[in-house]
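In the working numbering, the protein residues as written are 1157 to 1624.
By construction, the Cβ of each residue, glycine as well, lies at the ideal position given by its N, Cα and C atoms.
In this text, all values refer to a predicted model and were calculated from it rather than measured experimentally.
Worksheet: the structure to be examined is printed underneath.
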């Protein structure tokens, strides 16, 4: 399997530190509101990466944090007149609901920053003792220039950053030894949550949080560190620097980053009034359609969200679900249990689609081409399975589709849904009209049902319905 490594800016063969095991850390959301579509992409992308790595036989220790102490959380708590903890706990629970809806599996561990403060203080003290950090009036800074490799992840030059790109610098230059030094610990402000530390009562900087949580739950050296491309600098660059200086080891072998999601070809922002939460999108288009959309392009390619694209994604996913349910019906009514002779040959030929799927995923997790392989398999199912198929053949093809879709986290089994008695009566009435060859009446009922959001399909296995 080849992965694009941000460290080397090229694809590299994936070789884990320990044979058969993979340690993976993915930066999670700051929980001050419902998660938005930008948060959803790394969740879905790296959940799929985890699924495929497990599919290849590895045991994956997957850690994804919740940042539950932050200026935005504190600001929201002050507006609502509640404790910051109440805000963060509320939106952690809402985030978990959205993750379930998107079929994002829970991490092996979901650490919360506020529960790991002691370890952060110990890391900061180690950096101070080693001379990589210094205290100024209760604020502790990291000495970026003392780490000779600073910039190796983002491929930025320290001198260029200092002289020509001032907008990238963090605030508080006046009391730092160097404007590029960043905060490890900061004193409390009035009304803020705080913890006691040797330098001041305060709270940790953002970057040290992930360094500590990664170290505690995965160890000092991990296989994969991942997140959105907006985290490369300064977050991941700073995280790498402080971790490697503290532990004396390489933090991560492979750094993976997904690209941005735009809304109607514009960057998402509240000022443009195009800020979309996962909850809003899921309720309007379906959460599984959102997942399909996220996987329809390579994770390092920018995605553009729009209503036509989401409708197209929903219809595309429906094709897969329809094929699986067709195979399920064929297996139920099949006259023959065992494989027929020609079906054995068909199953041998079918192996080509799994091979194409694996080749795509082995090529830096190319989910777009993997989905193409799934649709070729769906076409195979639609053309090779039918009324005369055996139960064994229909079930084998169905299993092939569902197994590959499960790697992508796409749910193929349609949830049984009941219709109200009026709709069921109309469908039954139409069936009677068709039997009596009163096609005009049958078509009229079909149109009335369409107006109520019910689409009918006449198949070899009988009439089927779905919501428009």
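Checklist line | Exposure label - residue 1595; buried when at least 16 CB within 10 Å | finding: On the chain shown, residue 1595 is found 439 positions in, with the first residue counted as 1. By the neighbour-count rule (16 or more Cβ atoms within 10 Å), residue 1595 is not buried but exposed.
Notebook entry, point to check: Between residue 1178 and the rest of its own chain, which residues show a CB-CB distance below 6 angstroms, the 5 nearest in sequence each way excluded?
Noted result: Within the chain shown, the letter at position 22 stands for residue 1178. Excluding sequence neighbours, residue 1178 sits near 1172, 1209, 1214, 1216 and 1379.
Notebook entry, point to check: Can you name, in chain order, every residue of its own chain whose Cβ lies under 6 angstroms from the Cβ of residue 1453, other than the five neighbours on each side?
Noted result: Sequence index remark: in the chain shown, residue 1453 carries index 297 (1-based). Around residue 1453: 1459 and 1524.
Notebook entry, point to check: Is residue 1215 helix, strand or coil when you go by DSSP?
Noted result: Working through the chain shown from its first residue, we reach residue 1215 at position 59. Correct three-state label for residue 1215: strand.
Check: When the Cα of residue 1441 is compared with those of 1430, 1431 and 1462, which residue comes out closest?
Finding: For the purposes of this step, residue 1441 is taken as the residue at position 285 of the chain shown. Ranking 1430, 1431 and 1462 by Cα distance to residue 1441 puts 1462 first.
Notebook entry, point to check: What residue ranges within the segment 1429 to 1501 form continuous alpha helix (DSSP H) runs of no fewer than 4 residues, ordered along the chain?
Noted result: 1434 to 1441, 1443 to 1451 and 1463 to 1489
Check: Any chance the segment 1527 to 1535 sits against the segment 1551 to 1565, with 3 or more Cβ pairs inside 8 angstroms?
Finding: yes
Item checked: DSSP state of residue 1523 mapped onto helix, strand, coil -> Along the chain shown, read from residue 1 onward, the residue named residue 1523 stands at position 367. Looking at residue 1523 - three-state DSSP - the assignment turns out to be helix.
Margin query: Assuming contact is defined by CB atoms lying nearer than 7 angstroms, are residue 1221 and residue 1267 in contact in what I supplied?
Written below: Position 65 of the chain shown, counting from 1, holds the residue named residue 1221. Position 111 of the chain shown, counting from 1, holds the residue named residue 1267. Result yes, Cβ atoms of residue 1221 and residue 1267 sit closer than 7 angstroms.
Next item on the list: Just mark residue 1311 as buried or exposed, buried being the case when its beta carbon has 16 or more other beta carbons within 10 Å.
Entry: Walking along the chain shown from the start, residue 1311 turns up at place 155. Exposed, by the Cβ-count rule.
Notebook entry, point to check: Quick one: what's got a C-beta closer than 6 angstroms to residue 1613's C-beta in the same chain, skipping five residues either side?
Noted result: Start at 1 with the first residue of the chain shown, and residue 1613 comes out as number 457. Contacts found: 1620.
Notebook entry, point to check: Between residue 1362 and the rest of its own chain, which residues show a CB-CB distance below 8 angstroms, the 5 nearest in sequence each way excluded?
Noted result: Against the chain shown, residue 1362 aligns to sequence position 206. Correct list, in chain order: 1223, 1226 and 1391.
Check: Along the chain, which unbroken stretches of the beta strand (DSSP E) at least 3 residues long are found entirely within the segment 1278 to 1347?
Finding: 1289 to 1292, 1295 to 1298 and 1338 to 1343
Next item on the list: Give me the Cα-Cα distance between residue 1563 and residue 1211, rounded to the nearest whole angstrom.
Entry: Sequence index remark: in the chain shown, residue 1563 carries index 407 (1-based). Sequence index remark: in the chain shown, residue 1211 carries index 55 (1-based). Computed Cα separation, rounded: 7 angstroms.
Note to self: To the nearest angstrom, how far is the alpha carbon of residue 1416 from that of residue 1399?
What the structure shows: In the chain shown, counting from the first residue as 1, residue 1416 sits at position 260. In the chain shown, counting from the first residue as 1, residue 1399 sits at position 243. Their Cα atoms are separated by approximately 26 angstroms.
Item checked: Burial state of residue 1629 (16 or more Cβ within 10 Å) -> With the chain running from 1157 to 1624 in the structure shown, residue 1629 is simply not present.
Notebook entry, point to check: Looking at C-beta atoms only, is the number of pairs between the segment 1368 to 1384 and the segment 1244 to 1253 that lie closer than 8 angstroms three or more?
Noted result: no
Check: So what's residue 1275 in DSSP terms, helix, strand or just coil?
Finding: Looking up residue 1275 in the chain shown gives position 119. Three-state result, residue 1275: helix.
Notebook entry, point to check: Rounded to the nearest angstrom, how far is the Cβ of residue 1298 from that of residue 1397, given a contact under 8 angstroms?
Noted result: Here residue 1298 corresponds to residue number 142 of the chain shown, with the count starting at 1. Here residue 1397 corresponds to residue number 241 of the chain shown, with the count starting at 1. With a Cβ gap of about 7 angstroms, residue 1298 and residue 1397 count as contacting.
Checklist line | Candidates 1545, 1606, 1480 and 1485: closest to residue 1131 by CA position | finding: Nothing can be reported for residue 1131: it is not among the residues displayed for the chain, which extend from 1157 to 1624.
Checklist line | Through-space distance from residue 1301 to residue 1122, alpha-carbon basis | finding: Only positions 1157 to 1624 of the chain appear in the structure, and residue 1122 is not among them; the question remains open.
Notebook entry, point to check: Closest by CA to residue 1186, which one among 1239, 1160 and 1269?
Noted result: Position 30 of the chain shown, counted from the first residue, corresponds to residue 1186. Considering only alpha carbons, the answer is 1269.
Next item on the list: In angstroms with no decimal places, state the Cα-to-Cα distance between residue 1228 and residue 1602.
Entry: Here residue 1228 refers to the residue found at position 72 of the chain shown. Here residue 1602 refers to the residue found at position 446 of the chain shown. Taking the straight line joining both Cα atoms gives about 52 angstroms.
Notebook entry, point to check: Are residue 1495 and residue 1553 closer than 7 angstroms when you measure CB to CB?
Noted result: Locating residue 1495 in the chain shown gives position 339, where the first residue counts as 1. Locating residue 1553 in the chain shown gives position 397, where the first residue counts as 1. Contact: no.
Check: From 1414, 1509, 1510 and 1546, pick the residue whose C-alpha is nearest to that of residue 1520; which is it?
Finding: Here residue 1520 refers to the residue found at position 364 of the chain shown. Of the candidates 1414, 1509, 1510 and 1546, the one whose C-alpha sits nearest the C-alpha of residue 1520 is 1414.
Next item on the list: Rounded to whole angstroms, what's the CA-CA distance from residue 1248 to residue 1287? Just pull it up for me.
Entry: Here the question's residue 1248 lines up with position 92 in the chain shown. Here the question's residue 1287 lines up with position 131 in the chain shown. The alpha-carbon atoms of residue 1248 and residue 1287 are separated by roughly 37 angstroms.
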